[in-house]
Amino acid sequence: MIALLVALAGGLGAVARFEVDTLVARHNRWTMPAGTLVINVTSCVLLGMVTGWVAGHPGLGDLKDVLGVGFLGGYSTFSTASVEGARLLRAGRVRAAVLHAGGMLVASVAAAWLGVAITS
1 MIALLVALAG GLGAVARFEV DTLVARHNRW TMPAGTLVIN VTSCVLLGMV TGWVAGHPGL
61 GDLKDVLGVG FLGGYSTFST ASVEGARLLR AGRVRAAVLH AGGMLVASVA AAWLGVAITS
């Protein structure tokens with residue numbers, strides 16, 4: 001039953017990712033893809049919150065799996081970030097590629113830390 005819930009949550013996470021990316025793209029004025037940055041940073045803060053919450057409440061492993069592995073696994077998008085970085089490099093935009101990848105890394109780690117801190 002948990003596997004089914006994780007799969008359904010993953011599908012919902014993917015739909016949420018599509019909707020957020022579409023909304024951000026509609027309002028993005030940058031020359032770099034901002035949707036993936038927003039999605040990955042928000043997924044990191046949310047996963048940090050789930051991790052911090054579950055750490056303080058033993059026995060919630062199934063909920064952690066549904067929210068963390070399922071929903072947030074479907075919502076976050078490392079593969080898209082990698083493709084966007086590669087596209088920026090292929091277009092000769094080395095500085096933008098480094099800024100995109102490095103900025104996402106730093107922001108995502110900080111967001112995960114914030115998420116854990118919020119629930120601790």
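Counting along the sequence shown from 1, when you hit position 94 you're at 94 in UniProt numbering, and nothing is skipped either side. Glycine included, each C-beta is placed from N, C-alpha and C at the ideal position. A quick note: this is a predicted structure, and the numbers were derived from the prediction, not measured.
Do residue j and residue i count as a contact pair if the criterion is CB distance below 9 Å?
i	j	result
residue 123	MET32	Here the chain covers residues 1 to 120 and nothing more, so residue 123 does not appear.
ALA112	CYS44	yes
GLY70	ALA9	yes
GLY68	THR51	yes
THR119	TRP30	no
LEU72	GLY13	yes
PHE78	ASN40	yes
LEU37	MET104	yes
Would you decide whether residue i is buried or exposed? Buried here means 16 or more other CB atoms lie within 10 Å of its CB.
i	result
ARG17	buried
HIS100	buried
GLU19	exposed
ASP62	exposed
ALA83	Here residue 83 turns out to be Val, not Ala, going by the sequence shown. So VAL83 counts as exposed.
GLY56	exposed
VAL6	buried
GLY85	buried
ASP81	Inspection of the sequence shows that residue 81 is occupied by Ala rather than by Asp. Looking at its Cβ environment, which holds 16 or more other Cβ atoms inside 10 Å, ALA81 is buried.
THR42	buried
LEU23	exposed
LEU88	buried
VAL15	exposed
VAL98	exposed
VAL94	exposed
If residue i and residue j are in contact, beta carbons under 8 Å, what's the gap, nearest whole angstrom?
i	j	result
GLY35	ALA25	5 Å
MET49	GLY102	Not quite, the Cβ-Cβ distance comes to about 24 Å (not below 8 Å), so this is no contact.
Exercise. Write down every uninterrupted run of the alpha helix (DSSP H) in the region 34 to 90 whose length is 4 residues or greater and which is fully enclosed by it, in chain order.
Key: 35 to 56, 61 to 64, 72 to 75, 78 to 90
Self-check item: Those runs of the alpha helix (DSSP H) which lie wholly inside the region 1 to 30 and span at least 4 residues
Solution: 2 to 27
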